[in-house]
Amino acid sequence: MSLGGQQLLEYLEKLPGTAFRRLYQSPATALAIFRRMLSYHAKVIVRGLLYMPDPFPLTSLDIWFPPEADGKIHRDRTIAALRSLHILQVSPPGKDRTQEIQITTSFKKGLQLAFEGGGEDGSFGVPSSLPVDPTIDIAYLDKYARKKWDDILHYVVNSLGVHGSSEGVSGPKASVKELLLAGRLVERRPDTRTGIGITQAGFTFLLQESNAQVWTLLLLWLEAADHTADSGMDSIDMLSFLFMLSSLELGTAYDTSALTETRRNMLPSLVDFGLIYFPRDTRQFFPTRLATTLTSTASALRTVSSAFTAATANPSGEPGTTTSTSGGPAATPDKTQTTAKGIIIETNYRIYAYTTSPLQIAVLALFCQLNMRFPNMVSGRLTRDSIRQAIGFGITADQIISYLHAHAHQQMVREATVTGKPVLPPTVVDQIRLWQLENERMQTTAGFLFKDFESTEEYAALSRYAEEIGVLVWKNDKRQLFFASKHEQLRDYLKSRKKGE
Numbered sequence: 003m004s005l006g007g008q009q010l011l012e013y014l015e016k017l018p019g020t021a022f023r024r025l026y027q028s029p030a031t032a033l034a035i036f037r038r039m040l041s042y043h044a045k046v047i048v049r050g051l052l053y054m055p056d057p058f059p060l061t062s063l064d065i066w067f068p069p070e071a072d073g074k075i076h077r078d079r080t081i082a083a084l085r086s087l088h089i090l091q092v093s094p095p096g097k098d099r100t101q102e103i104q105i106t107t108s109f110k111k112g113l114q115l116a117f118e119g120g121g122e123d124g125s126f127g128v129p130s131s132l133p134v135d136p137t138i139d140i141a142y143l144d145k146y147a148r149k150k151w152d153d154i155l156h157y158v159v160n161s162l163g164v165h166g167s168s169e170g171v172s173g174p175k176a177s178v179k180e181l182l183l184a185g186r187l188v189e190r191r192p193d194t195r196t197g198i199g200i201t202q203a204g205f206t207f208l209l210q211e212s213n214a215q216v217w218t219l220l221l222l223w224l225e226a227a228d229h230t231a232d233s234g235m236d237s238i239d240m241l242s243f244l245f246m247l248s249s250l251e252l253g254t255a256y257d258t259s260a261l262t263e264t265r266r267n268m269l270p271s272l273v274d275f276g277l278i279y280f281p282r283d284t285r286q287f288f289p290t291r292l293a294t295t296l297t298s299t300a301s302a303l304r305t306v307s308s309a310f311t312a313a314t315a316n317p318s319g320e321p322g323t324t325t326s327t328s329g330g331p332a333a334t335p336d337k338t339q340t341t342a343k344g345i346i347i348e349t350n351y352r353i354y355a356y357t358t359s360p361l362q363i364a365v366l367a368l369f370c371q372l373n374m375r376f377p378n379m380v381s382g383r384l385t386r387d388s389i390r391q392a393i394g395f396g397i398t399a400d401q402i403i404s405y406l407h408a409h410a411h412q413q414m415v416r417e418a419t420v421t422g423k424p425v426l427p428p429t430v431v432d433q434i435r436l437w438q439l440e441n442e443r444m445q446t447t448a449g450f451l452f453k454d455f456e457s458t459e460e461y462a463a464l465s466r467y468a469e470e471i472g473v474l475v476w477k478n479d480k481r482q483l484f485f486a487s488k489h490e491q492l493r494d495y496l497k498s499r500k501k502g503e
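Residue numbers (the working numbering): 3 to 503.
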């Protein structure tokens, strides 16, 4: 699952059952969650149970999972994931009866309608019957979405006081700026050049791939609607509308009159985010690629700002050669190859990034000491001071490594594929982590401490279940304490166990 999907999953797990019943009334929502939020085995279970008229024995699921020793653990985690999304119901355990499972009524009805093409008119949008401006094509929408998202990222980057990173950028609307402030991605700092400063959460946002960035902002938007009583918008309806947008076709005009008044009121905010293009004086709206890939496993805009662009020049400066990851000259490139994208990293910590984007250069400057800039490339070096400065800002070593891996040069990826070696040089990866460890001697984990159990059996059962579903972080059997990263599923399990007793 992509990072954006993981963020959405964590948000959904916190919703009450009543919210899911409303969400699953929309076939588009049920289909989006089935396609993008479920693992392979979870989909197998849902497909197998979807048209069963009666509950299914829980023990019979074993034949759908590998017979290895960890098959039961994998099964329990899959069931826990389905229960957290209120897709699956499991009967309470009892001494004289076998546990049974079945698909919840609301999800079953919604997914069946999606599979069968049913549901209310407009469940998957209503295409506009009005004439469409021929200039509004997919290329136009991509350029529009890229510009909108660039404005948001430039605003966050400029909070670092990076000069020259906002050339030709108008900036996002005031409502988006307030959302970034409310979400603690940036904060007001009168002592800075721009009056704002980036936070640790802002660095995390900046280094995410674009789909995860979009969901970060949208979830902040949903939470703001929950906390603003007079906003006139319902976060559950907003979320359902986002799922519907993800099912629409890129480049197609849709009729705004088919939307409810509440959803029409959402369009201006979605325009500010770049998810919707809304021509003036029309009753049409166009979803952009940022919207249609909301529930996709692929990134909407791999590097939202013009990507790492191309060049026939090479980092070594010697004509007619390219540079290998080990630092020596490689084969002469094919004359037909006129573009190359990404970052090259050598074992001596030197970095060569093919890019013309001021935004991407500003991101690299967060953790890299840049030395030279050419029309189509920048070069620099990872140093102890540059990494420690990034860590001081709140960036972690794993974030830096993930960013470099995600934007690695095609040549590095091809070489790793052929040789079977890692994409990034292991010496560089290890050293980045070691530089972080120089300042950090303790790792913190957010979660919940469980204690004061009624009996030893209750402690043993609950801690074992926490381990099976993968949320157990630490336990002490002698003191009957354990620490878990999540509590919702454990709470439901404990209620179900007590009900069965």
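C-beta: ideal position from N, C-alpha, C; glycine also.
Relative to the C-alpha of Arg386, which candidate in Phe58, Arg435, Leu221 and Thr357 has its C-alpha closest?
Translated into positions along the sequence shown, residue 386 becomes position 384. Of the listed residues, the one whose Cα sits closest to Arg386 is Arg435.
Taking only runs of the beta strand (DSSP E) that begin and end inside the region 407-460, which ones reach a length of at least 3 residues, in chain order?
450-452
Could you tell me which of Asn378, Arg352, Asn350 and Lys16 sits nearest to Pro360, measuring between CA atoms?
Here residue 360 corresponds to residue number 358 of the sequence shown, with the count starting at 1. Comparing Cα-Cα distances from Pro360 to each of Asn378, Arg352, Asn350 and Lys16, the minimum goes to Asn378.
Report yes if the CB atom of Leu220 is closer than 8 Å to the CB atom of Leu244, and no otherwise.
For the purposes of this step, residue 220 is identified with residue 218 of the sequence shown, where counting begins at 1. For the purposes of this step, residue 244 is identified with residue 242 of the sequence shown, where counting begins at 1. Contact flag set, yes.
Out of curiosity, what's the CA-to-CA distance linking Pro55 and Leu208?
Residue numbering aside, residue 55 sits at position 53 when the sequence shown is read from its first letter. Residue numbering aside, residue 208 sits at position 206 when the sequence shown is read from its first letter. If I take the Cα positions, the gap works out to 48 Å.
Three CB pairs or more closer than 8 Å across the region 57-73 and the region 25-36:
no
Can you check which of these residues, Met246, Glu225 and Ser248, is closest to Ser237 by C-alpha distance?
For the purposes of this step, residue 237 is taken as residue 235 along the sequence shown, with counting starting at 1. Taking each of Met246, Glu225 and Ser248 in turn and checking the Cα distance to Ser237, the smallest one comes out for Glu225.
Those runs of the alpha helix (DSSP H) which lie wholly inside the region 240-279 and span at least 4 residues
263-275
Between Asn478 and the ligand SAH, is there a pair consisting of the residue's CB and a ligand heavy atom that are separated by less than 7 Å?
As far as ligands go, the structure on display features none, and thus does not contain the ligand SAH.
From Ser307 to Glu490, what does the alpha carbon distance come to, in whole angstroms?
The residue given as residue 307 occupies position 305 in the sequence shown. The residue given as residue 490 occupies position 488 in the sequence shown. Residue confidence for Ser307 is low, a pLDDT of 35 falling below 50, so the modelled location carries little weight; the figure read from the coordinates is stated next. So the two alpha carbons sit approximately 38 Å from each other.
Separation of Ala364 from Ala486, as counted between CA atoms
The residue you call residue 486 lines up with position 484 of the sequence shown. The residue you call residue 364 lines up with position 362 of the sequence shown. Taking the straight line from one Cα to the other gives about 38 Å.
Measuring straight from C-alpha to C-alpha, what distance separates Lys501 and Arg265?
For the purposes of this step, residue 501 is taken as residue 499 along the sequence shown, with counting starting at 1. For the purposes of this step, residue 265 is taken as residue 263 along the sequence shown, with counting starting at 1. Using only the alpha carbons, I get a separation of about 41 Å.
Beta-carbon gap between Gly204 and Leu187 smaller than 8 Å:
If you number the sequence shown from 1, residue 204 lands on position 202. If you number the sequence shown from 1, residue 187 lands on position 185. Yes, Cβ-Cβ distance for Gly204 and Leu187 is below 8 Å.
Any beta strand (DSSP E) of 3 or more consecutive residues that is wholly inside the region 62-107:
Runs of the beta strand (DSSP E) inside the region 62-107: 90-92 and 102-105.
Could you work out which residue in Gln433, Thr230 and Pro174 is closest to Leu272 when comparing CA atoms only?
Taking the sequence shown and counting its residues from 1, one reaches residue 272 at position 270. Answer by Cα proximity: Pro174.
Integer-rounded CB distance, given that Ile103 should sit under 8 Å from Val92:
Position 90 of the sequence shown, counted from the first residue, corresponds to residue 92. Position 101 of the sequence shown, counted from the first residue, corresponds to residue 103. That belief holds up - the Cβ atoms of Val92 and Ile103 are roughly 5 Å apart, short of 8 Å.
Take Lys110 as the anchor and find which of Gly96, Leu90 and Thr297 has the nearest alpha-carbon.
Within the sequence shown, residue 110 is the residue found at index 108, counting from 1. Minimum Cα distance to Lys110 is reached at Leu90.
Over the uninterrupted beta strand (DSSP E) stretch that includes Tyr354, give me the two end residues.
Counted from its first residue, the sequence shown places residue 354 at position 352. Where Tyr354 is concerned, the enclosing beta strand (DSSP E) stretches over Arg352 to Tyr356.
Could you check which residue in Tyr351, Arg352, Leu368 and Ile345 has the C-alpha nearest to that of Thr358?
Position 356 of the sequence shown, counted from the first residue, corresponds to residue 358. Comparing Cα-Cα distances from Thr358 to each of Tyr351, Arg352, Leu368 and Ile345, the minimum goes to Ile345.
Using DSSP with H/G/I as helix, E/B as strand and the rest coil, what is Ala30?
Locating residue 30 in the sequence shown gives position 28, where the first residue counts as 1. Three-state DSSP puts Ala30 in a helix.
Give the secondary structure of Pro360 by DSSP, where H, G and I count as helix, E and B as strand, and everything else as coil.
On the sequence shown, position 358 is the one that residue 360 refers to. Pro360: helix per DSSP, three-state reduction.
Among Arg23, Gly50, Thr254 and Ala355, which one has its Cα closest to the Cα of Asp135?
One-based indexing of the sequence shown puts residue 135 at position 133. For Asp135, the nearest C-alpha among the options comes from Thr254.
Return the bridge partner residues of Ser381 from the DSSP annotation.
The residue you call residue 381 lines up with position 379 of the sequence shown. Note: Ser381 sits in a beta bridge opposite Tyr354 and Met374.
Pick from Phe58, Ser130, Ile65 and Tyr351 that is closest to Thr100, judged by C-alpha positions:
Here residue 100 is taken as the residue at index 98 of the sequence shown, counted from 1. Considering only alpha carbons, the answer is Phe58.
Chain-order list of residues whose beta-carbon lies under 8 Å from that of Glu503 (same chain, five-residue window excluded):
Here residue 503 refers to the residue found at position 501 when the sequence shown is read from its first residue. Answer for Glu503: no residue qualifies.
Quickly, what does DSSP pair Gly394 with across the bridge? List them, please.
Here the question's residue 394 lines up with position 392 in the sequence shown. None, per the DSSP bridge assignment.
Taking the alpha carbon of Ala141 as the point to measure from, which residue in Arg291, Tyr53, Arg38 and Leu247 has its own alpha carbon closest?
Residue 141 sits at position 139 when you count from the first residue of the sequence shown. It is Arg291 whose Cα lies nearest to the Cα of Ala141.
Assuming Phe484 and Leu474 form a contact by the criterion Cβ under 8 Å, report the distance between their Cβ atoms to the nearest whole angstrom.
Taking the sequence shown and counting its residues from 1, one reaches residue 484 at position 482. Taking the sequence shown and counting its residues from 1, one reaches residue 474 at position 472. Phe484 to Leu474, Cβ: 6 Å. Contact.
Is DSSP giving Lys477 helix, strand or coil here?
The residue labelled residue 477 in the question sits at position 475 within the sequence shown. Strand at Lys477.
Opposing strand residues paired with Phe288 [DSSP bridges]
Residue 288 sits at position 286 when you count from the first residue of the sequence shown. Tyr279, per the DSSP bridge assignment.
Report the three-state DSSP secondary structure of Phe205 (helix, strand or coil).
On the sequence shown, residue 205 is found 203 positions in, with the first residue counted as 1. Residue state, collapsed to three classes: helix.
Can you look up Ile346 in the DSSP assignment and give me helix, strand or coil?
Residue numbering aside, residue 346 sits at position 344 when the sequence shown is read from its first letter. Three-state DSSP puts Ile346 in a strand.
Grab me the residues of Phe280's own chain with a C-beta within less than 7 Å of its C-beta, minus the 5 sequence neighbours each way, in chain order.
For the purposes of this step, residue 280 is identified with residue 278 of the sequence shown, where counting begins at 1. Hits under 7 Å: Leu269, Val273 and Phe287.
Looking only at its own chain, which residues have a Cβ that is under 8 Å from the Cβ of Met235, when we skip the five neighbours before and after it?
Residue 235 sits at position 233 when you count from the first residue of the sequence shown. Counting only Cβ-Cβ distances below 8 Å, and skipping sequence neighbours, we find Ala227, Thr264, Asn267 and Met268.
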